[in-house]
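Read the structure below first, then the notes.
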Amino acid sequence: MTINNNPTIRQRRLARMLRELRTAAGLTHADACQVLESAESKLGRIENAQSNIRLPDLRALLDAYGITDPAQRQEIELLSRESKKKGWWSRYAETVDSSYAAYVSVEWDTTKLYNVQTNLIPGLLQIPEYTRALIELQAPDATAEHVETQIDVRHERRAILSRENPLQLWVIIAENVLYHRVGGPTTMKSQLKSLVEASREPHVQLQVLPREDPMNACLFGPFVIMGFATSAETDIIYAESPTSTVYYEEEADVETYTTLFRRLNVAAANASQSRKLIMNAIREME
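Quick note on the working numbering: the sequence shown kicks off at 13 and runs consecutively.
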């Protein structure tokens with residue numbers, strides 16, 4: 013059994029799912045070890061994402077946990093296989109931050125994503141010119157090669173919106189974001205026009221939270237709620253600050269952020285009104 017000293021988030025997701033399925037089935041750690049006919053240390057490594065799980069062992073555990081639905085079993089087996097694979101982002105392993113690469117790998121697996129942005133246009137909706145200007149502001153000492161790599165990664169990330177089964181994206185942005193002049197007026201106008209176009213896509217919901225709405229006081233920072241196709245898997249919350257990134261996976265944390273998103277959804281302007289707010293911002297630049 014291979015030991016993972018640095019498990020990927022995909023592997024952590026599988027480990028957490030197996031732990032939750034065992035608990036839901038009312039089985040103890042020792043019970044599951046009897047199923048595998050192994051020492052408790054083996055299951056401990058699996059449930060802590062320190063070891064991969066062989067397909068026969070996975071199927072034996074699913075039998076013991078009462079998972080009989082063929083579709084659900086197939087989803088879990090697929091996650092197990094995918095957790096060992098490297099995606100397109102692995103090409104950038106030497107040139108992008110490891111935490112960013114980890115985020116991209118999870119984002120690519122999502123089927124629905126809810127994003128609240130307080131200061132910037134969401135990465136999935138950025139045009140290249142905006143991304144370039146943003147990187148040059150955030151990392152003024154970055155090399156030209158680094159800037160181009162970041163633009164390339166953003167471009168590849170956007171493919172999630174045009175694949176056969178596109179990501180269902182729901183974005184809420186604070187109105188102030190529309191007035192943060194990243195790049196020159198031409199760049200911002202192009203970016204905002206692109207936002208309007210994106211908001212008309214059937215799989216994209218875009219809302220703007222008006223500046224005067226009191227819910228702005230609840231915007232402590234940007235966050236993302238990521239949901240997955242596997243029915244047995246709970247959502248993951250991603251939050252960031254200038255110095256760190258955090259993933260919240262516990263049910264109580266997920267519910268806290270989900271509740272906040274629902275409140276913002278009610279407070280924010282609807283799709284049509286949001287487009288008007290964006291168009292107003294464009295007109296003010298002219």
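All C-beta atoms, glycine included, are put in the ideal place defined by N, C-alpha and C.
| query | result |
| --- | --- |
| Candidates P178, E52, N188, G196: closest to T143 by CA position | G196 |
| Backbone CA spacing between E176 and V189 [nearest angstrom] | 31 Å |
| Nearest-angstrom Cβ-Cβ length linking F235 and I249, presumed shorter than 8 Å | 6 Å |
| Where S174 falls, given that 16 or more other Cβ within 10 Å makes a residue buried | exposed |
| V108 in three-state terms, based on DSSP | coil |
| As assigned by DSSP and simplified to three states, the class of L221 | strand |
| Bounding residues of the alpha helix (DSSP H) (the contiguous stretch that carries V128) | Segment 122–129 is the beta strand (DSSP E) holding V128; no alpha helix (DSSP H) there. |
| Rounded separation between T270 and P226 - CA only | 19 Å |
| Same chain, Cβ closer than 8 Å to N16, five either side skipped, listed in chain order | The predicted position of N16 is uncertain, since its pLDDT is 43 and thus under 50; no value can be drawn from it. |
| Opposing strand residues paired with E252 [DSSP bridges] | T257 |
| According to DSSP, residues forming a beta bridge with Q180 | K124 |
| Segment contact, 8 Å Cβ cut-off, at least three pairs: the stretch 204–223 with the stretch 276–296 | yes |
| Nonlocal neighbours in the same chain, by C-beta distance under 7 Å from E245, ignoring five residues either side | R25, M29 |
| Burial state of Q129 (16 or more Cβ within 10 Å) | buried |
| Which listed residue (S50, Y104, T80, A37) has its alpha carbon closest to that of V165 | Y104 |
| Cβ shell of G233 (< 8 Å), same chain only, five flanking positions each side left out | T130, A251, E252, S253 |
| CA-to-CA distance, A114 to R295, given in whole angstroms | 38 Å |
| Endpoints, alpha helix (DSSP H) assigned at F273 | 263–279 |
| Contact under 8 Å by Cβ, A44 with R34 | yes |
| T242 burial status per 10 Å Cβ neighbour count (16 or more: buried) | buried |
| Neighbourhood of Y191 by C-beta distance below 7 Å, restricted to the same chain and skipping five residues each side | A293 |
| The stretch 279–288 / the stretch 208–224 touching (three or more Cβ pairs under 8 Å) | yes |
| Local conformation of V47 per DSSP, three classes | helix |
| Chain-order list of residues whose beta-carbon lies under 7 Å from that of T14 (same chain, five-residue window excluded) | Note that T14 scores a pLDDT of 42, beneath 50, so its modelled location is shaky; the value from the coordinates is reported in the next line. Closer than 7 Å at the Cβ level, and outside the excluded window around T14, lie S63, N64. |
| M238 versus A156 - alpha carbon distance | 32 Å |
| Given E168 as reference, the closest of R31, P140, L39, Y77 once Cα atoms are compared | P140 |
| Proximal residues to V258 (C-beta, below 7 Å), its chain only, five neighbours per side dropped | A251 |
| Coarse secondary structure for A114, derived from DSSP in three states | helix |
| For I185 and Q84, the rounded distance between their alpha carbons | 35 Å |
| Under 8 Å between C-beta atoms of Q180 and K124 | yes |
| Cβ neighbour criterion (16 or more within 10 Å) applied to E298 | exposed |
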